[in-house]
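Under mature numbering (1 follows the signal peptide of the UniProt record, and there is no 0), the residues of the sequence shown are numbered -19 to -1, 1 to 217, in order. Quick reminder that beta carbons are idealized off the backbone N, C-alpha and C, glycines included. Shown next, in structure tokens, is the structure this report addresses.
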Amino acid sequence: MKTLSCGLLLLTLSAHASASVVMNNTRVIFPSDKESVNVQLINKSAEGHLVQSWVDNGNPNEKPENLRLPLAVVPAVVKIGAGDGQILTVVKSNLAAALPADRETLFWLNFIDIPPQPKDKRGNFIQFAVRNRVKVFYRPAALNVRQIDVQTHLQIKREGNNACVNNRSPYFITAAGLSNVQKGSQKDNLLKKTLLIKPFSCAPLDNSIAYVSKRQTWLTYLDDFGTLRTVSIPVI
């Protein structure tokens, strides 16, 4: 009599590195004057894990084999030993020449952590493969605003009872907090969720009325290193 084993692989999407295989940074900056950039993966598990990686341009449901983008990842599939690290290289193709030169372009680096099958497979088992998506900012080399000066290009713009975060810079801004109190706590945060503000755009605020009578507010955003920075911005 033979015992049959049945395995089920479930895929979960994580906004943070919660798998056994993690990346050593929270975002990737790709300068346009470079041909490639490296990112480091580390396997914290006591077993080897298989990792599949690819780049998408914002649609998480698009299959990797259907994508034709200016950026790609090598190796696309790799096994990382227990406690080992692995360098992934994001490379650009000649398609990158068509990207805007006056602002950043956003891509997403995906990597799926596929754990090994259990050694004892005599019964049914479930495997969880964790998919992580990390922002990749393709940054033109000749931007006329330095990233460290981005705060001078941010403001709250009012129109009647509506308001938006006006980003007049060529950079994407990931806003984690917005408060009318300079050193406010989490309860003072007027953002319901992280707000990604495109270059040269004004991102609407759900609770716009909170800014109608204000002259100044405090914005918390993530810099190139994933560090939270709080700056004062005007309300106009």
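Whose C-alpha, out of K164, C183, S160, is nearest the C-alpha of residue 219? Outside the shown range of the chain (-19 to 217) lies residue 219, about which nothing can therefore be said.
Could you give the first and the last residue of the continuous beta strand (DSSP E) run that contains A144? For the purposes of this step, residue 144 is taken as the residue at position 163 of the sequence shown. Its beta strand (DSSP E) spans residues 143 to 148.
Selection from R120, A77, L69, R114 that minimises the alpha carbon distance to E85: Start at 1 with the first residue of the sequence shown, and residue 85 comes out as number 104. The shortest C-alpha separation from E85 is found at R120.
Completely contained beta strand (DSSP E) runs for the segment 29 to 102, where each covers 3 or more residues: 30 to 37, 52 to 55, 58 to 61, 66 to 73, 86 to 95
For a test of the three-state rule: what should DSSP assign to I190, helix, strand or coil? Here residue 190 is taken as the residue at index 209 of the sequence shown, counted from 1. I190: helix per DSSP, three-state reduction.
Kindly indicate which residue of D14, E16, L22 has the alpha-carbon position closest to the one of R8. Walking along the sequence shown from the start, residue 8 turns up at place 27. Checked all of D14, E16, L22; the closest Cα to R8 is L22.
Using a Cβ cut-off of 8 angstroms (strictly closer), state whether C183 contacts chain C. The structure shown contains no chain C; it holds only a single protein chain.
Hey, out of D94, R149, A191, I217, whose CA is closest to S26's CA? As a position in the sequence shown, residue 26 is number 45, starting the count at 1. Comparing Cα-Cα distances from S26 to each of D94, R149, A191, I217, the minimum goes to D94.
Quick check on V54: buried or exposed, where buried means 16 or more other Cβ atoms within 10 Å of its Cβ? Taking the sequence shown and counting its residues from 1, the one referred to as residue 54 is at position 73. That one is buried.
For Q136, which of helix, strand or coil comes out of DSSP? Looking up residue 136 in the sequence shown gives position 155. Strand.
Looking at the structure shown, is G(-13) part of a helix, part of a strand, or coil, going by DSSP? Taking the first residue of the sequence shown as 1, we reach residue -13 at position 7. Per-residue confidence for G(-13) stands at a pLDDT of 39, beneath the threshold of 50, marking its modelled position as unreliable; the derived number appears in the next sentence. In this structure, G(-13) counts as strand in the three-state DSSP scheme.
Collapsed DSSP secondary structure at I217 in the structure displayed: Here residue 217 refers to the residue found at position 236 when the sequence shown is read from its first residue. Note: I217 maps to coil in three-state DSSP.
Determine, using beta-carbon pairs with one atom in the segment 3 to 19 and one in the segment 205 to 216, whether at least three such pairs fall under 8 angstroms. yes
In whole angstroms, give me the CA-to-CA distance for A157 and P41. In the sequence shown, residue 157 corresponds to position 176, counting from 1. In the sequence shown, residue 41 corresponds to position 60, counting from 1. Those two C-alpha atoms are separated by around 22 angstroms.
Enclosing beta strand (DSSP E) for T201 [first to last residue]: Position 220 of the sequence shown, counted from the start, is the residue given in the question as residue 201. Unbroken beta strand (DSSP E) run through T201: 197 to 203.
Selection from T201, L203, S194 that minimises the alpha carbon distance to I217: On the sequence shown, position 236 is the one that residue 217 refers to. Ranking the options by Cα distance to I217, first place goes to S194.
Just to confirm, does M4 get its C-beta within under 7 angstroms of one of the non-hydrogen atoms of the ligand NAP? Summarising the ligand content, the structure contains no ligands, and the ligand NAP is consequently not present.
Identity of the residues DSSP links to P12 by a beta bridge: The residue given as residue 12 occupies position 31 in the sequence shown. Bridge partners of P12: R120.
Quick one: give me the first and last residue of the beta strand (DSSP E) that V18 is part of. Along the sequence shown, read from residue 1 onward, the residue named residue 18 stands at position 37. Looking at the DSSP string, the run of the beta strand (DSSP E) that includes V18 is 17 to 24.
What is the rounded straight-line gap between the Cα of A(-1) and the Cα of W35? For the purposes of this step, residue -1 is taken as the residue at position 19 of the sequence shown. For the purposes of this step, residue 35 is taken as the residue at position 54 of the sequence shown. One alpha carbon belongs to A(-1), the other to W35, and they sit about 17 angstroms apart.
DSSP state of V131 mapped onto helix, strand, coil: Within the sequence shown, residue 131 is the residue found at index 150, counting from 1. If DSSP states are grouped into helix, strand and coil, V131 belongs with the helices.
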